[in-house]
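Chains as they are written, first to last, in this note's numbering: chain G, 168 to 627; chain R, 13 to 117.
Put into structure tokens, the structure is as follows:
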């Protein structure tokens, strides 16, 4: 009976993910997920060995209240940090469950204290290892996304060698743990894994965070899998595998969006270093500057406008002002669409959520593959808070660090409006030749203020 | 005993690989626009390790293992409620075009 209920719960989780194939079915999917979780929890509470309902109920209420409070309060721009923080909790929970299984193996029927089955010990320590890495890696990713820790990659000598040695040390500790089952070694594994988690994320820069967040998502799944094997629980194994696969695929999509291998991202150190030589080359070139009235005039006289938002838009909280601008243009009979680069924002799909929050209908928001061939037929590209993802150097300049990265072909539209705070380079440190083209107008200023000013000029 | 436990492990492994394959196909079918909600949902469901935490917290009395279990339950609950709620919030924002105000071409 228990196995059947767990199976139903696992199936509901699969349907929950399946629902996300379309916005229309996604809400139902989320409800499937919730029902699946309720079934899983109540099934477990019905176990004969589970007696302390009050304590468990109180724990669920405390955790649930904290979780609900945070989830209802959080700003959508802070979503990446929130997800990173949540991942760290999954990792930590996995460590605690593994520790509990180690101290009371009878409750999980995996042996007795001091004589736990070898297979269970291996599975337990792997679960602990992945859980601890997920925990510390996510804490650091949270810090970088939140801005409490510098988003710049921190690189030092022999970094990768040190990480490799620590990894070997952990394997050695796991072998030792399986042999002597000592609590001291168990906690040593936890501490060393936590250290490794920090070291793995430290060299990775701010804009590579979409890959890191996806990867930690994947780890949290594998950690659940490890615990699932320890407890011989199929529900945990299935769910862990689903989550692990999901995170892995997202990491793959994100690194492909930057034309870099996952290995390259993980090794870190990308960005941050300013490519001064390239900047000097362009110092004598002329940049055409404009203001909000110019932008309003150009867009008012166009038939079609494609808006390209980037992380800068999210930072400036400009999505609402931007949508207002789009609405006015639409009323004028101008076709307005949004183009989203796969790595725009700090987590997969972040821009889509921000635009949805600002009430932009999702049919108007298109992915790179869907919209890229429309730029030549478009009169105005309005780039706001994005830079590297529009840089034509990715297609032409083989020496550029971003060469080969898929970009949005804004340069093919008749004119380009660039909202930017300054001439500073993007994350990659590469100068964007688009700024110096004849058909480009630079709009310097805060993204939100600029949109509001354009709205004023349009309605005047 | 040994034969039995290795059998259990192989069944677990079978389930694991089949679930990975299902995960692979299901996740590729997710539309890129909903990748953030996908992370929200996966985050919530990965907290199904609450099952293990409940088992550890289940016995009466108070020992180390029970305390660890209860901490696990709290942590996982933060995630379950937080994950599903934030996903709900995200998904309720994704709206179609408002009914009859479609732009004329």
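For every residue, glycine included, the Cβ atom is placed at its ideal position computed from N, Cα and C.
If I'm right that residue i touches residue j with Cβ under 8 angstroms, what's the distance once you round it to whole angstroms?
i	j	result
residue 303(G)	residue 365(G)	5 angstroms
residue 22(R)	residue 52(R)	So it is not a contact: roughly 34 angstroms between Cβ atoms.
residue 38(R)	residue 406(G)	With a Cβ gap of about 12 angstroms, residue 38(R) and residue 406(G) do not count as contacting.
residue 404(G)	residue 27(R)	5 angstroms
residue 579(G)	residue 488(G)	27 angstroms between Cβ atoms; not a contact.
residue 465(G)	residue 547(G)	6 angstroms
residue 322(G)	residue 298(G)	That belief does not hold up - the Cβ atoms of residue 322(G) and residue 298(G) are roughly 27 angstroms apart, past 8 angstroms.
residue 553(G)	residue 479(G)	7 angstroms
residue 57(R)	residue 88(R)	Contact doesn't hold; Cβ gap of about 11 angstroms is too wide.
residue 556(G)	residue 477(G)	7 angstroms
residue 308(G)	residue 379(G)	5 angstroms
Which of the three DSSP states is assigned to residue i in this structure?
i	result
residue 236(G)	helix
residue 464(G)	helix
residue 543(G)	helix
residue 218(G)	coil
residue 427(G)	coil
residue 231(G)	helix
residue 175(G)	helix
residue 504(G)	strand
residue 313(G)	helix
residue 348(G)	coil
residue 68(R)	helix
residue 41(R)	coil
residue 610(G)	strand
residue 278(G)	strand
residue 21(R)	helix
residue 549(G)	strand
residue 582(G)	strand
residue 454(G)	coil
residue 587(G)	strand
residue 328(G)	helix
residue 533(G)	strand
residue 369(G)	coil
residue 241(G)	coil
residue 341(G)	helix
residue 79(R)	helix
residue 113(R)	Reliability of the predicted coordinates at residue 113(R) is poor, the pLDDT of 44 falling under 50, and the value obtained from them is presented with this limitation in mind. Of the three classes helix, strand and coil, the one that applies to residue 113(R) here is coil, per DSSP.
residue 92(R)	helix
residue 283(G)	strand
residue 407(G)	helix
residue 384(G)	helix
residue 564(G)	coil
residue 189(G)	coil
residue 272(G)	helix
With a threshold of 16 other CB atoms inside 10 Å of the CB of residue i, please say whether the residue is buried or exposed.
i	result
residue 191(G)	exposed
residue 508(G)	buried
residue 264(G)	buried
residue 209(G)	exposed
residue 524(G)	buried
residue 424(G)	buried
residue 290(G)	buried
residue 540(G)	exposed
residue 144(G)	No answer is possible for residue 144(G): the residues shown for chain G start at 168 and end at 627.
residue 109(R)	exposed
residue 389(G)	buried
residue 383(G)	buried
residue 563(G)	exposed
residue 276(G)	exposed
residue 324(G)	exposed
residue 221(G)	exposed
residue 44(R)	buried
residue 213(G)	exposed
Any heavy atom of the ligand FMN within a distance shorter than 7 angstroms of the CB on residue i?
i	result
residue 71(R)	Absent from the structure shown: the ligand FMN. Ligands present: none.
Touch test, the segment 417-431 of chain G against the segment 337-357 of chain G, Cβ-Cβ under 8 angstroms, three pairs minimum:
No, because fewer than three Cβ pairs between the segment 417-431 of chain G and the segment 337-357 of chain G fall closer than 8 angstroms, the two stretches do not touch.
Sufficient close CB pairs (3 or more, under 8 angstroms) joining the segment 288-301 of chain G to the segment 74-88 of chain R
No: fewer than three Cβ pairs fall under 8 angstroms.
With a cut-off of 8 angstroms, do at least 3 Cβ pairs link the segment 54-71 of chain R to the segment 202-221 of chain G?
Short answer: they touch.
Answer yes if the segment 348-355 of chain G comes into contact with the segment 317-326 of chain G, meaning at least three C-beta pairs across the two stretches below 8 angstroms, and no otherwise.
By the C-beta criterion, the segment 317-326 of chain G is judged not to be in contact with the segment 348-355 of chain G, since fewer than 3 inter-stretch pairs fall below 8 angstroms.
Minimum length 4: unbroken alpha helix (DSSP H) runs contained in the segment 470-497 of chain G
You should have 478-482.
Tell me whether the segment 600-618 of chain G and the segment 470-489 of chain G touch, counting them as touching only if at least three CB pairs, one residue from each stretch, are closer than 8 angstroms.
Yes: the two stretches touch, three or more of their Cβ pairs being nearer than 8 angstroms.
What residues in the segment 233-266 of chain G have a beta carbon less than 7 angstroms from any beta carbon of chain B?
The displayed structure is made up of protein chains G and R, and chain B is not among them.
Do the segment 169-179 of chain G and the segment 368-379 of chain G meet, that is, are 3 or more Cβ pairs less than 8 angstroms apart?
Touching, no, given that fewer than three Cβ pairs across the two stretches are closer than 8 angstroms.
Are the segment 526-535 of chain G and the segment 89-108 of chain R touching, with three or more C-beta to C-beta distances below 8 angstroms?
In short, these stretches touch, since the Cβ pair count reaches three.
Counting pairs of beta carbons, one from the segment 585-597 of chain G and one from the segment 509-517 of chain G, are three or more of them closer than 8 angstroms?
As far as the Cβ criterion goes, the segment 585-597 of chain G does not touch the segment 509-517 of chain G, which means the pair count is below three.
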